[in-house]
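Its first residue numbered 1, the sequence shown is counted upward by one per residue in full-length UniProt numbering.
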Amino acid sequence: MEKLHQEITLDIFSRLPVESVLHCRLVCKTWRNLLRLPYFADMHLRRQLLRLEYNNHSHVAPPPPAAAADNLGFLLLTMEKSSPLFYLEYDEDEKSYKTVKRINHPPLKKRIYGIAMVGSCNGLICFTILCRHGIDDPVYICNPITNEYINLPKFNILRDYKGVDININSSYDGRMVSGFGYHPSTNEYKIVRIVYYDKINEPIIGRVQVYTLGDGNGWRNKGEIAYSLIPRKGIPAVLRGILANGALHWLDYDDWKILSFDLEEEEFSLLPSPPFFRPGEYNHFQLRALGGCLCAVQRDTDSYKSLNIWSFKKRSCEWESMFRIPYDANRLPMDVSWPLALTMRGEVLLRYPYQKTLVRYDPKTATVEKLVERVEDLGTDLHLDEAIPHMSSFVSLRALGEFSRRIR
């Protein structure tokens, strides 16, 4: 009977938003111990993922019994030096931001140029150090809710010294792209990094390594690829892999091919090009994940009249037109950045690169409204450097098998 009572209690708690569960932990010792069980973390995450799946396909199925409200969460990386990371929650009903708060994350011992987000996956956030002239190596993964973090093993380079190969840690010998993702069938979280050495007059070769959280094997070598995932100078691009359908995706900036890395099989494959692709010409588009699908976002450089979004359908292996957002000085100026997310109502959340703010575009009315620019409660302007979707969770790095530390 006591076991049945515990199951019912956990089931009820698993339907609550993360913040509500955190408050419940403070009620009594019994609840605190119950809500810290790994079983509860898994149950709560399953409900969140179920709800997210429904939100992404809300037109094809009735809503399941779910955990949190239909709010979209984002990580905002600002230009503040002391505490640059914020969490923003967008309220679907109010059509405005509900919460903006600072996120405590591990301090970097050596901040060369800044930090960037490799990705956010089920509450876990992967960060990298930015370097002016070198390798942007993923440095740590944390969960602000569980207050845990781990340092990832640094990248080492083999150097020949008098006929002997020596491991030398270096951040000034090449370029790196990376990605962070999760595959539901294996329940594994993986970080992928691809290193390009700076060698003149030699073919472009990327060396691939994979790190699986909790398996104890460290970085594993996965061979080489002959695709250039480093953008040319003058091309605004994000170097992180785009997670969709259990795979990470990058653009080959030499031939504008789309490269997919399956996180289960750990193999690369090429996806078909979008319909607007023109071989041998400059193709100005980027990859994004919207509504759970891989998307190609294209600026119409012929007429400069629209921002076009195409969605990749994995089953048919085809691209479908998703949105055509017209440019208009009073609606969507041309300096608008790439889209961030879709709401359940079909609105598109985007970011202005110059005004450093988030905006919402409603395709039904073809109107744009600012979502957040200044946070009065924090007394600061959000000068955005980067923004990515984020879902808070109780996923524990220690429960996954990592020796985690506490964020102080």
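Ideal placement from N, C-alpha and C gives every residue a C-beta, glycine not left out.
Go through its chain and collect everything with a Cβ distance to residue i's Cβ below 6 Å, but skip five positions before and after it.
i: residue 240; result: 118, 119, 179
i: residue 141; result: 124, 126, 150
i: residue 227; result: 252, 259
i: residue 37; result: none
Just the Cα atoms here: how many angstroms apart are residue i and residue j?
i: residue 91; j: residue 73; result: 9 Å
i: residue 207; j: residue 225; result: 7 Å
i: residue 42; j: residue 32; result: 16 Å
i: residue 21; j: residue 99; result: 16 Å
i: residue 318; j: residue 275; result: 9 Å
i: residue 290; j: residue 154; result: 32 Å
i: residue 15; j: residue 214; result: 27 Å
i: residue 364; j: residue 266; result: 41 Å
i: residue 147; j: residue 279; result: 48 Å
i: residue 12; j: residue 24; result: 12 Å
i: residue 400; j: residue 30; result: 24 Å
i: residue 385; j: residue 5; result: 47 Å
i: residue 402; j: residue 300; result: 46 Å
How is residue i classed by DSSP in three states: helix, strand or coil?
i: residue 188; result: strand
i: residue 406; result: strand
i: residue 265; result: coil
i: residue 51; result: helix
i: residue 249; result: strand
i: residue 274; result: coil
i: residue 87; result: strand
i: residue 344; result: coil
i: residue 339; result: strand
i: residue 386; result: strand
i: residue 116; result: strand
i: residue 204; result: coil
i: residue 175; result: strand
Can you find the residues in the same chain that come closer than 7 Å, C-beta to C-beta, to residue i, ignoring five residues on each side of it along the sequence?
i: residue 187; result: none
i: residue 322; result: 295, 309, 310, 311
i: residue 264; result: 183, 185, 186, 246
i: residue 106; result: 140, 142, 149, 407
i: residue 121; result: 180, 181, 182, 189, 243
State the CB to CB distance for the pair residue i and residue j, rounded to an integer number of angstroms; the pair is presumed to be in contact (CB under 8 Å).
i: residue 344; j: residue 52; result: With 8 Å as the limit, residue 344 and residue 52 do not qualify as a contact, their Cβ atoms being about 11 Å apart.
i: residue 88; j: residue 77; result: Rounded, the Cβ-Cβ distance is 11 Å, inconsistent with contact.
i: residue 361; j: residue 347; result: 6 Å
i: residue 137; j: residue 145; result: Going by Cβ atoms, the distance from residue 137 to residue 145 rounds to 25 Å, so no, they are not a contact pair.
In its own chain, which residues sit with a C-beta less than 8 Å from the C-beta of residue i, not counting the 5 before and 5 after it?
i: residue 218; result: 153, 211
i: residue 203; result: 226
i: residue 359; result: 336, 349, 350, 351, 352, 368, 369, 370, 371
Confirm the yes/no value for this check: CB of residue i, any heavy atom of the ligand FAD, distance under 7 Å.
i: residue 252; result: This structure simply doesn't include the ligand FAD, nor any ligand for that matter.
Would you list, in sequence order, the uninterrupted beta strand (DSSP E) runs of no fewer than 3 residues that lie entirely inside the UniProt domain "F-box" (1–48)? Taking 3 residues as the shortest admissible run, the UniProt domain "F-box" (1–48) contains no complete beta strand (DSSP E) segment at all.
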